[in-house]
Each structure stands twice: as C-alpha cells, then as structure tokens.
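Data first, discussion second: the structure below is written as structure tokens.
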C-alpha cells in the first residue's frame with residue numbers, strides 16, 4: 031500500500047529566492063509548474079529517492095496562503111506515494127484516520143488526497159498515486 035516518501039512540501043513566500051537557497055545547498059530544480067486548479071506554483075528538487083517541493087501561493091487566499099500568514103515559511107506536509115489511492119484512503123479511514131479530502135483530485139504529480147492532521151499528531155500527510 032505505502033511505497034515511499036515521495037516529497038516534503040515547504041511553503042515559501044518567494045519561489046525564486048527559495049530556489050536559490052536550496053541550489054546553494056547543492057540541490058537542483060527539476061521542474062517548476064503551476065498546480066492544476068490551485069493558485070500555487072511548485073518547484074521540485076530531487077533528493078535521493080524523494081523530492082523537496084517548494085510551494086509559493088499565487089494569491090492571498092487559499093489554504094497555502096493562510097498557512098504562510100499563520101506560520102510563516104516552512105514545512106507544510108509530507109507526501110507518501112501509494113499504489114492505489116482509493117484503497118489507501120479506505121484503509122486508513124477504516125483504522126480511524128480522518129480524511130481531509132474524501133476523494134482524490136489531480137495534483138502536480140498525480141492523483142492526491144490529504145489526511146486530517148488532527149488524526150496524525152499535527153502532521154499534514156498527503157497521499158499520491160502516480
């Protein structure tokens with residue numbers, strides 16, 4: 031069911047400034063894209079078998095803009111790749127984990143859904159099926 035940590039999402043104010051900082055660490059941007067149906071631009075920096083995903087809100091509303099306003103820049107979520115997102119969501123729900131999204135939607139790298147951080151000790155977890 032769970033395959034690997036796909037990426038760690040980090041919310042940033044300025045994607046270009048963040049990109050330069052992470053490149054100074056020796057990482058390289060593989061791609062930059064706007065997220066489908068969301069006012070967000072994302073940059074993906076491969077690191078081993080996972081990525082660092084830098085997320086810049088493009089508007090002042092939406093959940094990432096709200097996160098940035100309330101918490102400032104920093105780690106937003108951990109994404110776990112799953113083989114079958116519908117089965118993974120059903121399995122964790124049957125074990126008492128609350129879902130933030132009952133149905134998967136299209137994300138930057140595949141079909142995604144988030145679990146409620148109230149069920150995962152304050153950590154926002156995203157599932158992705160590629």
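Numbering (the numbering used here), first residue to last: 31 to 160.
Every residue gets a Cβ at the ideal spot worked out from N, C-alpha and C, and that includes glycine.
Predicted model, so just to flag it, every value in this text is computed and none were measured.
The shortest CA-to-CA distance from residue 88 to any of 153, 42 and 38 is the one to 42. The C-alpha of residue 84 lies about 18 angstroms from the C-alpha of residue 100.
In the three-state DSSP reduction, residue 160 falls in the coil class, being neither helix nor strand. The three-state reading of DSSP puts residue 39 in strand, counting E and B together. For residue 128, the closest C-alpha among the options 137, 135 and 145 is that of 145. Residue 44 and residue 96 have their C-alpha atoms roughly 15 angstroms apart.
Comparing alpha carbon positions, the residue from 68, 55 and 134 closest to residue 118 is 134.
By the neighbour-count criterion, in which 16 or more other beta carbons inside 10 Å mark a residue as buried, residue 105 falls on the exposed side.
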